[in-house]
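Each remark here refers to the structure printed beneath this line.
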Amino acid sequence: MYKEIKILGQEILPGDSLTLKMDIARLYTQSKLEIPIIINRAKIDGPCLLILAGIHGDEVNGVEIVRQIVSKGFHIPQKGTIICVPVLNVFGFINKTREFPDGRDLNRMFPGSKTGSLASRFANDFIKQVAFNADYCLDFHTGGNMRFNYAHVRLQKSDKELQELAQVFGTKFMMYAKQRESSFRHAMAKIGKKVLLFEGGKSLSLDRSVTLDGLQGALKVMKHLGLNDFSNEIVNENRVPIIIENSKWIRADQSGMYRSFVKVGEKIQIGDILGSVSDPFGFSERKIKSKYSGYIINNNHLPMVNQGDALMNIGLEE
Ligand SMILES: [Zn+2]
Numbered sequence: 000m001y002k003e004i005k006i007l008g009q010e011i012l013p014g015d016s017l018t019l020k021m022d023i024a025r026l027y028t029q030s031k032l033e034i035p036i037i038i039n040r041a042k043i044d045g046p047c048l049l050i051l052a053g054i055h056g057d058e059v060n061g062v063e064i065v066r067q068i069v070s071k072g073f074h075i076p077q078k079g080t081i082i083c084v085p086v087l088n089v090f091g092f093i094n095k096t097r098e099f100p101d102g103r104d105l106n107r108m109f110p111g112s113k114t115g116s117l118a119s120r121f122a123n124d125f126i127k128q129v130a131f132n133a134d135y136c137l138d139f140h141t142g143g144n145m146r147f148n149y150a151h152v153r154l155q156k157s158d159k160e161l162q163e164l165a166q167v168f169g170t171k172f173m174m175y176a177k178q179r180e181s182s183f184r185h186a187m188a189k190i191g192k193k194v195l196l197f198e199g200g201k202s203l204s205l206d207r208s209v210t211l212d213g214l215q216g217a218l219k220v221m222k223h224l225g226l227n228d229f230s231n232e233i234v235n236e237n238r239v240p241i242i243i244e245n246s247k248w249i250r251a252d253q254s255g256m257y258r259s260f261v262k263v264g265e266k267i268q269i270g271d272i273l274g275s276v277s278d279p280f281g282f283s284e285r286k287i288k289s290k291y292s293g294y295i296i297n298n299n300h301l302p303m304v305n306q307g308d309a310l311m312n313i314g315l316e317e
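At position 236 of the sequence shown (counting the first as 1) the number is 235 in numbering that gives the first Met the number 0, and the numbers step up by one without a gap.
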């Protein structure tokens, strides 16, 4: 007997290779909007992996990573099942925004409900009709707005299996991060699914080193789960991530033009000058001195900042 997999009402049998269209609410012009769910099940049984991007419609690095996986045929397993969803929030993708058309953040709506808002109903449908089948999931994100994340994976510290998967994924950093209430990751963890969250780059922007890191990580995880052997495609197989136990935001203590003197990924020490905030007219400038020793995980690429705006996220080592 093989494991039952049922997606959008259709039973997926060993050897099946198909693309189903998840039908979400029509636009108010009555145009249909569909999300392709690309499913490949090997003849040999094995785990089911969901590769997901675009919960936030403007986070395109993930979309590009999943696109590359599909276009190179890496989504066809020798064992088990791979489900690829390159763009979940198609509405946001079309409008170049993070949110759903009802203004909600889809990643705060899980597990959703049948009778809730549009985003809530959609979240509910996606979990029940697609994601529920997965044992593992890779969920691709970027920094919001203009805040650029150095490629890393986020996970719950308490989960040993996820820790192992994060080590396998092999980004330069892995970060322990509590689950956000009502996120996809949170809802999936509650039903026993293992979700590794990838963060890399910033919204509305493609970054080659980020997409490369994301693709390599996905191949390593697929190999580790026994879905396929990617020995020829994987480079840097045994990179051991630096573990970020905790992170601290550095915020602007005055409004003005922000310039940073450091790069994401860089190691810094207490007392290092990280950047400055000045008025745009050349009268005054205030240097930002680091209160922490650690790594620059995120940097704000938007120079116009208000007092209190997040400038940099510093990762603190274990
Ligand atoms: Zn996101």
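The beta carbon of each residue, even a glycine, is placed where N, CA and C say it ideally should be. Note that the structure is a prediction, hence the values are computed from the model and not measured.
Runs of the beta strand (DSSP E) spanning 3 or more residues and lying entirely within the stretch 100 to 168 occur at 135 to 142, 146 to 154, in chain order.
Within the chosen limit of 7 Å, ligand 1 reaches the beta carbon of Glu58 through at least one heavy atom. In this structure the stretch 145 to 153 lies against the stretch 193 to 203, because at least three pairs of beta carbons, one per stretch, are closer than 8 Å. Placement of the Cβ of Asn106 at a distance of less than 7 Å from at least one heavy atom of ligand 1 is found. Contact between Leu51 and Leu137 is confirmed by a C-beta separation of about 7 Å, below the 8 Å threshold. Closest option to Asp212, judged by alpha-carbon separation, among Ile126, Ile233, Ala24: Ile233. Bounds of any beta strand (DSSP E) do not take in Gly213; it lies within the alpha helix (DSSP H) bounded by 207 to 223.
Cβ contact annotation for Pro13 (same chain, cutoff 8 Å, sequence separation greater than five): Tyr1, Arg40, Ala41, Lys42, Ile43, Asp44, in chain order.
Counting only runs of at least 3 residues, the stretch 0 to 49 fully encloses the following beta strand (DSSP E) elements, listed from N- to C-terminal order: 16 to 23, 32 to 40. Taken through DSSP and simplified to helix, strand or coil, Val304 comes out as strand.
Going by DSSP, Ala309 is part of the beta strand (DSSP E) stretching over 309 to 316. Contact between the stretch 237 to 256 and the stretch 305 to 314 is established, with three or more Cβ pairs separated by less than 8 Å. Between Gly143 and Phe92 a beta carbon distance of about 15 Å is seen, past the 8 Å cut, so the two are scored as non-contacting.
In this structure, DSSP gives Gly270 a state outside helix and strand, which the three-state scheme calls coil.
From the listed residues Gly281, Phe260, Gly264, the smallest Cα separation to Asp271 is found for Phe260. Assignment of Ser70 by DSSP, reduced to helix, strand and coil, places it in the helix class. If you compare the alpha carbons of Met108, Thr114, Glu3 with that of Gly79, the shortest gap goes to Glu3. For Asn299, the enclosing beta strand (DSSP E) has its first and last residue at 293 to 299.
The Cβ-Cβ distance between Ser275 and Glu284 falls below 8 Å. Secondary structure at Arg184: helix, using DSSP grouped into helix, strand and coil. Relative to the Cα of Tyr291, the nearest Cα in the group Glu316, Asn298, Leu301, Pro279 belongs to Glu316.
Of the residues Ile75, Asn88, Gln29, the one whose Cα lies closest to the Cα of Ile37 is Ile75. Bounds of any beta strand (DSSP E) do not take in Asn237, whose DSSP letter is neither H nor E. Taking all protein chains shown into account, Gly200 has 16 or more neighbouring C-beta atoms within 10 Å of its C-beta and is therefore buried. In the DSSP assignment, Phe197 forms a beta bridge with Phe139, Val152.
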